[in-house]
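First comes the structure, then the notes that go with it.
2 protein chains.
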Amino acid sequence: MNADRQGRATIKDVAREAGVSAMTVSNVVNNKTQFVGAAARARVEAAIERLGYRRQASARNLRGAGPRSIGMVIVDESPAFLANFFTAQLVAGLANVLNRADWTLTLSGLPPDGLAASALMRTYDVGGLCAMVSGAPEARREVLRRLCGLGQPVVLFQEVVETEGLDLCLVRQDDEGGGRRVGEHLARLGARSVLAMLPRQSWPAIENRLAGLAAGLGGAPRAAISVDHDDFSAVQEALGAWIAAHGLPDAVWGANDQIASAALLHLLDRGVAVPGRVRVVGFNDFPAHRHARPRLTTLASPAYELGERAGEAMLRRLEGGRFETQDLCLPVAFLPGETG
Amino acid sequence: MNADRQGRATIKDVAREAGVSAMTVSNVVNNKTQFVGAAARARVEAAIERLGYRRQASARNLRGAGPRSIGMVIVDESPAFLANFFTAQLVAGLANVLNRADWTLTLSGLPPDGLAASALMRTYDVGGLCAMVSGAPEARREVLRRLCGLGQPVVLFQEVVETEGLDLCLVRQDDEGGGRRVGEHLARLGARSVLAMLPRQSWPAIENRLAGLAAGLGGAPRAAISVDHDDFSAVQEALGAWIAAHGLPDAVWGANDQIASAALLHLLDRGVAVPGRVRVVGFNDFPAHRHARPRLTTLASPAYELGERAGEAMLRRLEGGRFETQDLCLPVAFLPGETG
DNA sequence: CTGAAAGCGCTTACAG
DNA sequence: CTGAAAGCGCTTACAG
Chain A
1 MNADRQGRAT IKDVAREAGV SAMTVSNVVN NKTQFVGAAA RARVEAAIER
51 LGYRRQASAR NLRGAGPRSI GMVIVDESPA FLANFFTAQL VAGLANVLNR
101 ADWTLTLSGL PPDGLAASAL MRTYDVGGLC AMVSGAPEAR REVLRRLCGL
151 GQPVVLFQEV VETEGLDLCL VRQDDEGGGR RVGEHLARLG ARSVLAMLPR
201 QSWPAIENRL AGLAAGLGGA PRAAISVDHD DFSAVQEALG AWIAAHGLPD
251 AVWGANDQIA SAALLHLLDR GVAVPGRVRV VGFNDFPAHR HARPRLTTLA
301 SPAYELGERA GEAMLRRLEG GRFETQDLCL PVAFLPGETG
Chain B
1 MNADRQGRAT IKDVAREAGV SAMTVSNVVN NKTQFVGAAA RARVEAAIER
51 LGYRRQASAR NLRGAGPRSI GMVIVDESPA FLANFFTAQL VAGLANVLNR
101 ADWTLTLSGL PPDGLAASAL MRTYDVGGLC AMVSGAPEAR REVLRRLCGL
151 GQPVVLFQEV VETEGLDLCL VRQDDEGGGR RVGEHLARLG ARSVLAMLPR
201 QSWPAIENRL AGLAAGLGGA PRAAISVDHD DFSAVQEALG AWIAAHGLPD
251 AVWGANDQIA SAALLHLLDR GVAVPGRVRV VGFNDFPAHR HARPRLTTLA
301 SPAYELGERA GEAMLRRLEG GRFETQDLCL PVAFLPGETG
């Protein structure tokens, strides 16, 4: 590692090589063209090329305006914290916006109880934090409390909390509007008895979708049951049990595509005509499901755009000293398929 | 941002608050217990808690052994560079290993021609680089050349290249062995005419799978055709055209599950019995496909473990000055389903 | 337009 | 076991 250190050219090496001062090199590297003559500039650029000079971020950050990296924390029970397509898209959008602005993304996944002892809490190495938090409501609130206690700007995805007085911005999709769209669609088609299937874990996004559904239907759905949405067979058993007790509904709405797909296949296995006898609609389109037969009617999530907008909001916050808006909500698009 | 700076406690603040020198604070923070008395330690820890002190990574890295972050570069045509489940799992495994060791992951996605101008090339802010590169062979080679030219340790995923004399470690799964497993399985079941369906883009992993398949079958498959693996209908049309010209094969092997799923659904749509008349086998299990009916016979990729192993190899390289091994290859597991 | 000095917040190397 | 000094590689603030 001494080898690494010794091999690395510094700003002084470049200055010597180009026959200018270190300041001039710095000005060239930072594109402060007004301070550097064309000739000096050319010589510096040649020297940089020759020596393979790369500016050391640590040194720049120390003297300059702080770290040029944004942290993205995904709080998840599972170590496979990017397995969810929604999260993966969101992270990609965020990373791309930051990279384009010459910022960096520092990514980490943590279990709900791992935040307190994490390096994130003990070290200052990012200029701001974005967070996507799952888990029980109290655990989520605790995570948010800790993050906001850091005294750094925070962007929180897919939550609705009080932002008054906090250096906090909410970035989310219009789950309520999406739910309403589903409700209106089903109502228009004459569906009267609608079964809503929700993940067991309560979650603002899900609650908003359900509230929207009720608004669109013009009243609460016939029933709303909770299922283990990660367990394909459990979803199917729950649906089977409900049908055994109450008969076939006119429509099943899955609060996400995993649930809706499982429900769909259960109905098809029973020989139920979809959408003839029962309509099935999902939420948050995943490409893998789009390919299944029949194609699920669902809503397209702007996950990638959520990441982009979060990045932009954070960069402007860092520049301007405050979030311009503290609640950013993007629309979800209705995606007609063959099941609803 | 002055507000941020002013509000942040430094090591000196903690030292003053605890009535010790800055050195002692540093020793406590770094767990150099042999240099600090219990009493001093307790006072420092209380002061840290009271002031909400967090060590500034930039300052530490500047004087210390360099940046404590590893870069992960995903070179991809698409901005949605985490859309592939394989990649997402791999990144999660890598991030978790690094975080556990108090290292950080710096993530970026770039188009093949974007690397040259990227901040990555102009800035030194990570101690080593991991890379997952897609695209045409020449473009991939160029990316690798640039990365290795940085004078930093590089871990390359899913490639087989010469490592002699390079500060480079290959981390991959045993695609050849997986292919052989499929071939042996199909041969044992008596399949004689096997159609292999490959992505259009050539790619070492795919070639290895195909070579393994041939070895397992005891000879080349009946035919190998290239398809746009991201285009569901294109895959189906290609299969339809092949069958129109050559009749039904005994088995179809898709070089990945996307292809195999599309092929499977095409066969079922035609009323072909699977696996009675035609067997279908995939590669690289994705959870979304696992839920389809009938369940695809495929191979489980150790993507998450690849990320973990890469992280471990990199950390040891940074510690020890060289990669202990330059070629790490993990097995893939056969995952029996209902289609083959 | 160019440069010499000071300093960012830590850790290294050394003295007590 | 504890601390004063020097320095990591940049940028800021200022003088010419």
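As given, the protein sequences belong to chains A and B, one line each in that order.
Here the first sequence is numbered in the UniProt record's numbering, starting from 1 and rising by one per residue.
Here the second sequence is numbered in the UniProt record's numbering, starting from 1 and rising by one per residue.
Beta carbons: idealized from backbone N, C-alpha and C, even for Gly.
query                                                                                                                                                                   : result
Please look up how many angstroms separate the CB atoms of GLY128(B) and ILE48(B), rounded, as I've assumed it's under 8 Å.                                             : Not really, about 30 Å apart at Cβ, beyond 8 Å.
What does the alpha-carbon distance come out to for the pair ARG5(A) and SER21(B)?                                                                                      : Only weak support is given to the placement of ARG5(A): the predicted model assigns it a pLDDT of 45, under 50, and the value that follows is read from those uncertain coordinates. Answer to the nearest angstrom: the Cα atoms are 29 Å apart.
Can you give me the start and stop residues for the beta strand (DSSP E) that PHE157(A) sits inside?                                                                    : 154-157
For chain B, find out if any of its Cβ atoms is closer than 9 Å to the Cβ of ASP4(A); answer yes or no.                                                                 : Because the pLDDT at ASP4(A) is just 43, under 50, the model does not fix this residue reliably, and the value given afterwards should be weighed accordingly. Judged by the 9 Å Cβ criterion, ASP4(A) is in contact with chain B.
From LEU147(A) to ARG322(A), what does the alpha carbon distance come to, in whole angstroms?                                                                           : 17 Å
With distances taken between CB atoms, is the gap from GLN236(B) to ALA215(B) smaller than 9 Å?                                                                         : no
Could you tell me which residues DSSP puts in a beta bridge with GLN173(B)?                                                                                             : LEU330(B)
Does ARG316(A) come within less than 9 Å of chain B when only Cβ atoms are used?                                                                                        : no
With a cut-off of 8 Å on the beta carbons, I'd call VAL280(A) and GLY340(A) a contact; round off their distance for me.                                                 : 6 Å
Chain B beta carbons: is any one of them nearer than 9 Å to that of LEU166(A)?                                                                                          : no
Are the CB atoms of SER226(A) and ALA136(A) within a distance shorter than 9 Å?                                                                                         : no
List the residues of chain A that GLN89(B) touches, going by C-beta distances under 8 Å, in chain order.                                                                : ALA80, LEU82 and ALA83
In three-state terms, what does DSSP make of TRP253(B)?                                                                                                                 : strand
Are the CB atoms of VAL332(B) and PHE283(B) nearer to each other than 9 Å?                                                                                              : yes
Using a cut-off of 9 Å between C-beta atoms, extract the partners of GLY109(B) located in chain A.                                                                      : ALA92, ALA95, ASN96 and ASN99
Any idea what DSSP makes of GLY37(B), helix, strand or coil?                                                                                                            : coil
Hey, quick one: how far does the alpha helix (DSSP H) through residue 359(A) stretch, first residue to last?                                                            : Any question about residue 359(A) goes unanswered here, given that chain A covers just 1 to 340.
If we call anything under 9 Å between Cβ atoms a contact, is THR106(B) one with LEU115(A)?                                                                              : no
Cα separation between LEU306(B) and PRO199(A)?                                                                                                                          : 31 Å
Mind reading off the beta-carbon distance from PRO221(B) to VAL194(B)? Whole number of angstroms is fine, and I expect it under 8 Å.                                    : 4 Å
Where LEU318(A) and PRO153(A) are concerned, what is the direct C-alpha to C-alpha distance, given to the nearest angstrom?                                             : 8 Å
Please confirm whether ALA119(A) has its beta-carbon closer than 9 Å to some beta-carbon of chain B.                                                                    : yes
Return the chain-ordered list of same chain residues with a C-beta closer than 7 Å to the C-beta of VAL44(A), the five sequence neighbours on each side being excluded. : VAL14, ALA18, VAL20, THR24, VAL25 and VAL28
In terms of DSSP beta bridges, what is ALA9(B) paired with?                                                                                                             : ALA9(B) is not bridged to any residue.
Just the chain A side, please: which residues come within less than 7 Å of ASN61(B) by C-beta, in chain order?                                                          : SER58
Assuming contact is defined by CB atoms lying nearer than 9 Å, are TYR124(A) and ALA80(B) in contact in what I supplied?                                                : no
With a threshold of 9 Å between beta-carbons, can GLY149(A) be considered close to chain B, or not?                                                                     : yes
Locate the alpha helix (DSSP H) running through VAL160(B), then write down its first and last residues.                                                                 : Here VAL160(B) belongs to no alpha helix (DSSP H), and DSSP marks it neither H nor E.
Any beta-carbon of chain A closer than 9 Å to the one on PRO331(B)?                                                                                                     : no
Closest Cβ-Cβ distance between GLU324(B) and chain A: below 9 Å?                                                                                                        : no
Please list the terminal residues of the continuous alpha helix (DSSP H) segment that includes LEU217(A).                                                               : 204-217
Tell me whether LEU189(A) is buried or exposed, calling it buried when 16 or more other Cβ atoms sit within 10 Å of its Cβ.                                             : exposed
With distances taken from CA atoms, which of LYS12(A), ALA251(A), ILE259(A) and ALA255(A) is nearest ALA273(A)?                                                         : ALA251(A)
Tell me the rounded alpha-carbon separation between GLY178(B) and PHE334(B).                                                                                            : 7 Å
Apply the 10 Å Cβ neighbour rule to ALA3(A) and answer buried if 16 or more other Cβ atoms are within range, or exposed otherwise.                                      : Residue placement at ALA3(A) is flagged as unreliable, the pLDDT there being 35, under the threshold of 50; a coordinate-derived value is accordingly withheld.
Pick from ALA57(B), VAL171(B), PRO112(B) and PRO67(B): whose alpha carbon is nearest that of ALA313(B)?                                                                 : VAL171(B)
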